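> To start, I am sharing the structure in question, which I have written as structure tokens.
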Amino acid sequence: MSRPEEEIAEAPEVEDSRLNEAGDPEATEDTIGEQETSVPDEAAGVTAVVDKNTVIAYDFAHPSHKLNSRLPVLEVINEKIAKSMSTFLSAQFHQQIEVTAVEPTFEKFQDYVAALPPSVSINQFRMDPLQGSCILILDGDLIFMLVDSFFGGVDLLTESKGQRRFTPTELRITERVRDNIFKAMMTAWEPVIRIQTRFQGLLSKSEIASPAHPSVVVVCSRFEVEMKAGKRECHLLIPYSVLEPVRPQLTSDLKKMCDQDYEWLQEFSQQILGCDLELEGVFAESQISVKQLMNLKVGDFIPLGKVQTVKFSSEGIPLFEAAVGVSNGMVSASVTKWCERRKKRKK
Numbered sequence: 027m028s029r030p031e032e033e034i035a036e037a038p039e040v041e042d043s044r045l046n047e048a049g050d051p052e053a054t055e056d057t058i059g060e061q062e063t064s065v066p067d068e069a070a071g072v073t074a075v076v077d078k079n080t081v082i083a084y085d086f087a088h089p090s091h092k093l094n095s096r097l098p099v100l101e102v103i104n105e106k107i108a109k110s111m112s113t114f115l116s117a118q119f120h121q122q123i124e125v126t127a128v129e130p131t132f133e134k135f136q137d138y139v140a141a142l143p144p145s146v147s148i149n150q151f152r153m154d155p156l157q158g159s160c161i162l163i164l165d166g167d168l169i170f171m172l173v174d175s176f177f178g179g180v181d182l183l184t185e186s187k188g189q190r191r192f193t194p195t196e197l198r199i200t201e202r203v204r205d206n207i208f209k210a211m212m213t214a215w216e217p218v219i220r221i222q223t224r225f226q227g228l229l230s231k232s233e234i235a236s237p238a239h240p241s242v243v244v245v246c247s248r249f250e251v252e253m254k255a256g257k258r259e260c261h262l263l264i265p266y267s268v269l270e271p272v273r274p275q276l277t278s279d280l281k282k283m284c285d286q287d288y289e290w291l292q293e294f295s296q297q298i299l300g301c302d303l304e305l306e307g308v309f310a311e312s313q314i315s316v317k318q319l320m321n322l323k324v325g326d327f328i329p330l331g332k333v334q335t336v337k338f339s340s341e342g343i344p345l346f347e348a349a350v351g352v353s354n355g356m357v358s359a360s361v362t363k364w365c366e367r368r369k370k371r372k373k
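Just so we're aligned, residue 27 is where the sequence shown starts under this note's numbering, counting upward by one.
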């Protein structure tokens, strides 16, 4: 009986110590982190309860709260990149290669790196004038498939086993693919911002496994590359901070973009309507023989008949017919009928 009484007496002290840890204004971030990450222990049948009075730190400057955001314009850009990639890959490797863009996702860099396969080609580059470095990830199996296809190998997918160094031939194929992807990026990004991609170097997986800021949010654009041998992916990894200066353009509604294009078209049409045209009108036509032409003298008359209407044209394109007369002391023409081509356009 004495032991249960001791346990009952000790229980309030344990509860008080927990309250002191939660209520201590000098509590460390590690303590808060432990309370935030408390999970049910199914094996022991015990569920940890987070104290409601615990203050959870929230960094409004960090973009992690935008992990579920969408960038509609970036999706359009990626579609253009995928189309260009499909064209140059099919031409270089002499087979039909389909490239499909997957909807971009927001991820924490440390989570992305943890999910990378062992064999990948990691290419670091910049998108000048945007500040910061980006990464192009090429699956090792994709490189192996492209090498086999380039040298006429069999259309079989040989999966890589573990991490290994790429051969000079594989690095050369990687360089070709990388350069063409960069060209496609510069073309696709031009409507938003004119960028200049600049290759910085190859990285190993160990070099990016422990970044200075593991919780940094990146925008991952995935591209599925489908060949006869199989399907693999390449990724464009752009830190959210790099895209921050152009975020308003990337989050714009596509309908709004169409409206802006329509306004530009209207302005362009107005400029076209202000251009000058040279009109030509044939008052009359008559046929004479070569002999009559040779016998013509100064003062001779050529019968033209009655001129009622004159057909006007521009650059050889008939526009309208008009009656010719005098108005305010000047020879003038009054439009009487539009040509058939003009009528069709008006309809």
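Virtual Cβ for every residue (Gly too), placed ideally from N, Cα, C.
Small disclaimer: the values here were computed from a predicted structure and weren't measured.
Which residue or residues does DSSP assign as beta-bridge partners of R224?
DSSP lists R152 as partners of R224.
> Under the rule that 16 or more other beta-carbon atoms within 10 Å means buried, what is H261, buried or exposed?
Under this definition H261 is a buried residue.
> For Y138 and D302, I'd like the C-alpha separation in whole angstroms.
C-alpha separation (whole angstroms): 60 Å.
> Return the residue from the list S353, I207, E252, A214 that minimises the CA-CA distance to M171.
Out of S353, I207, E252, A214, E252 has the C-alpha closest to the C-alpha of M171.
> Identify, in the order they occur along the chain, each residue of the same chain with its Cβ nearer than 6 Å to the Cβ of R258, setting aside the five sequence neighbours on each side.
Only D165, D167, L168, V251 meet the Cβ criterion.
> In this structure, does DSSP put T131 in helix, strand or coil?
Correct three-state label for T131: strand.
> Alpha carbon to alpha carbon, how far is V245 from Q121?
Going from the Cα of V245 to the Cα of Q121 covers about 31 Å.
> Which residue marks the beginning of the alpha helix (DSSP H) containing E101, and which one marks its end?
Residues 98–119.
> When you compare the segment 192–207 with the segment 108–115, are there three or more beta-carbon pairs, one atom per stretch, that lie closer than 8 Å?
The segment 192–207, when compared against the segment 108–115, does touch it at the 8 Å Cβ threshold.
> Just to confirm before moving on: does the CB-CB distance between D154 and Q226 stay below 8 Å?
No, they are not a contact pair.
> Looking only at C-alpha atoms, which of I264, E347, P271 sits nearest to L305?
Closest by alpha carbon: E347.
> I'd like the span of the beta strand (DSSP E) that includes R245, first residue to last.
Checking the sequence, you will find Val at residue 245 rather than Arg. Run containing V245: 243–252, per the beta strand (DSSP E) assignment.
> Taking Cβ positions, are S360 and A349 nearer each other than 8 Å?
The answer is yes: Cβ separation under 8 Å.
> Just the C-alpha distance for P217 and I107, rounded to the nearest angstrom, thanks.
Between P217 and I107, the C-alpha separation is close to 13 Å.
> Return the CA-CA distance between Q150 and S247, expressed in angstroms with no decimal places.
About 15 Å.
> Bridge partners for A349 per DSSP, in chain order?
Answer is S360, bridged to A349.
> Which residue spans inside the segment 260–330 form an unbroken beta strand (DSSP E) run of at least 3?
The segment 260–330 contains these whole beta strand (DSSP E) runs: 306–308.
> Where do the ends of the alpha helix (DSSP H) carrying F176 lie?
Start and end: 166–176.
> Does DSSP put F192 in a helix, in a strand, or in coil?
Note: F192 maps to coil in three-state DSSP.
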